[in-house]
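J.: What follows is a structure written as structure tokens; I'll ask about it next.
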Amino acid sequence: MPEVFAGSSEAALSSWLVQAGDRIEVGTPLAEIETEKANVEYAAETAGIIGTTLVVPGDSVSVGAPILVLLQIGEAHSEIQPFLDALNNDRPTPVSATDEKADSIEVSHHADVKTTSDQRLFASPIARRIARDAKIDLNRLRGTGPAGRITRRDVESSMAARPMHTASVVAQSTEPGQPATGDQVSYEEIPHSGMRRAIARRLTESKSTVPHFYLTAECRVDELFAVRARINETSTTRISINDLIVKAVAGAFVEVPEANVTWTDSAMLRHSAVDISIAVATQDGLYTPVVRELETLTISALSQQITELATRAKERRLRQDELEGGSFCVTNLGMYGTLQFSAILNPPQSGILAVGAATQQPVVTDGALSIARVMRFTLSVDHRAIDGAMAATWLAAFTKRIENPLSLLV
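Following this line, the structure appears as structure tokens:
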């Protein structure tokens, strides 16, 4: 299993995109992998013929373990059988000529083996962990994996077949001498996905180790909406308000390049290009694909890239490189009616802009009261990398572009 993301210890194989006998070239998509951060396609790094796949979709695999055997042209499938036997017996794989010929790209890590009185029970590591958390006896399950191996899907299917738990909540009576009353509360146990565990871990790490501070700006956006409407009257690409906001972010970094930095323990990294992550909510979790070199893109090109990345994120078809890098992120909950919120930084990025909803409210202009459409933007900043004055300067540059949107078109 490849280390799809730095620091990953394991990943789950969602689906195979090849099968035994397929001839592949460098770059051929092999599998869809669910990492702790996202689902991505994994492409072949070597050409050859698929000998056999050894991981059942849904299984979790330790980084560095084999998951697929790739044969060179002319090699026979029988040449890899000793390697497979060693895996099934949970023994270290001997170094031999056979092993040198079989290029192991991917497979479930040696199956967890549990010994019972009459058989050796094979179960994948994630199946064993989920079963332990859910208090499921693996001896009662029938494995659907290779050689009857119990997989994550076997355990989850068993969980789905169980009735919901019912707990009794006892409330003490407030009247002396009166018996306590009990209420039945039902709930369903939903195992954490690898992505959900990673989100919890990374956000906890971010809030506890990165010194956040926050700046909020209120911007009048009537002209922003008007410009967007005029663009869409003639453009073949439909432009969203979020597209214009992202373009304003890029313009602010061009004006204040000192803010386009990320922190490392040994040095500050100042980035020459404006690469921005765009938060995309999906059923699987939050994806943050990166739009690169934003300062060079027109509004139409920017909009097309964001739309394409968001679509592929929801279809779980993002590539590994599309989720890496970027110094900043934009997250928009305004479309759900949220007026204002503070987002948590996604290290190593140094900033994230939280976008609220556009609402009509009273405003004062030159001493006169009027009604205007207003949006709130909250900037979360890593204080190690960006000081307060610089963050305020960047936010002012962003606000100027939002309130004067024609500047985004030149």
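The numbering used here applies: residue 447 is where the sequence shown begins, and numbers increase by one. Here a beta-carbon is modelled for each residue, glycine too, at the ideal position from N, C-alpha and C.
1. Is the Cβ-Cβ distance between A490 and L516 less than 9 Å?
2. Only counting the same chain, and skipping five residues up and downstream in sequence, which positions put a Cβ closer than 7 Å to that of R847?
3. Comparing C-alpha positions only, which one of A713, A675 and Q751 sits nearest to P851?
4. Are G497 and L476 closer than 9 Å when you measure CB to CB?
5. Would you list the residues sitting across from G797 in a DSSP beta bridge?
6. Decide if G772 is buried, meaning its Cβ has at least 16 other Cβ atoms within 10 Å, or exposed.
7. On the DSSP bridge assignment, give the partners of Q806 in chain order.
8. Taking the alpha helix (DSSP H) that F699 belongs to, which residues open and close that run?
9. By how many angstroms is the C-alpha of G797 removed from the C-alpha of V656?
10. Report back the beta-carbon spacing between F823 and V801 to the nearest angstrom; my notes put them in contact at under 8 Å.
11. Within 9 Å (strictly less), CB to CB, does E704 reach chain B?
12. Taking DSSP's pairing of strands, which residues face E704 in a bridge?
13. Would you please state the rounded distance, in angstroms, between the beta carbons of S816 and V809? I believe it to be under 8 Å.
14. May I ask you to report which of helix, strand or coil DSSP gives I752?
15. Let me know the secondary structure DSSP gives Q465 once reduced to three states.
16. For A577 versus R595, is the C-beta spacing smaller than 9 Å?
17. Rounded to whole angstroms, what is the Cα-Cα separation between T839 and E701?
18. Using the Cα positions of Q803 and N688, report the straight-line distance between them to the nearest angstrom.
19. Tell me which same chain residues have a C-beta within less than 7 Å of the C-beta of V472, skipping the five on either side of it?
20. What does the alpha-carbon distance come out to for the pair R588 and R598?
21. Starting from the C-beta of D549, find all residues in its chain whose C-beta is less than 8 Å away, skip the five residues before and the five after it, and write them out in chain order.
22. Please identify the residue among E651, L690, E741 and R666 whose C-alpha is closest to the C-alpha of T811.
23. Shortest alpha-carbon distance to L799 belongs to which of H717, A672, S681 and Y660?
24. Just to confirm, is the Cβ distance from I745 to V737 under 9 Å?
25. Select from G520, V673 and T680 the residue whose C-alpha is nearest the C-alpha of I691.
26. Could you check if Q807 is buried or exposed, using at least 16 other CB atoms within 10 Å of its CB as the buried criterion?
27. How far does the alpha helix (DSSP H) with G520 in it reach, from first residue to last?
28. Anyone know if the C-beta pair for S461 and P528 falls short of 9 Å?
29. Pull up the DSSP beta-bridge partners for W840, would you.
30. Which term fits N792, buried or exposed, when burial requires 16 or more other beta carbons within 10 angstroms of its beta carbon?
31. Mind checking T742: buried by the 16 CB within 10 Å criterion, or exposed?
32. Look at S788 and T683 and say whether their C-beta atoms are less than 9 Å apart.
33. Am I right that D767 and M641 are in contact with their C-beta atoms under 8 Å? What's the rounded C-beta distance?
34. Could you tell me the boundaries of the beta strand (DSSP E) in which L715 lies?
35. Strictly by DSSP, which residues pair up with V507?
36. Nearest to S718 by CA position, among E754, T757, S632 and E704, is which residue?
T.: In this structure, then:
1. yes
2. A694, G697, A698, S853 and L854
3. A675
4. no
5. F774 and V827
6. buried
7. R819
8. I687 to E701
9. 11 Å
10. 6 Å
11. Absence of chain B from the displayed structure is noted, only one protein chain being present.
12. DSSP, once it has assigned bridges, lists no residue as partnering E704.
13. 6 Å
14. helix
15. coil
16. no
17. 10 Å
18. It should be pointed out that residue 803 corresponds to Ala in this sequence rather than to Gln. A803 and N688: Cα-Cα distance of roughly 11 Å.
19. A490, E491, T492 and A493
20. 12 Å
21. In this predicted model, D549 has a pLDDT of only 35, less than 50, meaning its place in the structure is not dependable enough to derive any value.
22. R666
23. Y660
24. no
25. V673
26. exposed
27. That residue, G520, is in no alpha helix (DSSP H); it is neither H nor E in DSSP.
28. no
29. DSSP output for W840 lists no bridge partner at all.
30. buried
31. exposed
32. no
33. Their Cβ separation, rounded to whole angstroms, is 18 Å, which puts D767 and M641 out of contact at 8 Å.
34. M714 to R716
35. A457
36. E704
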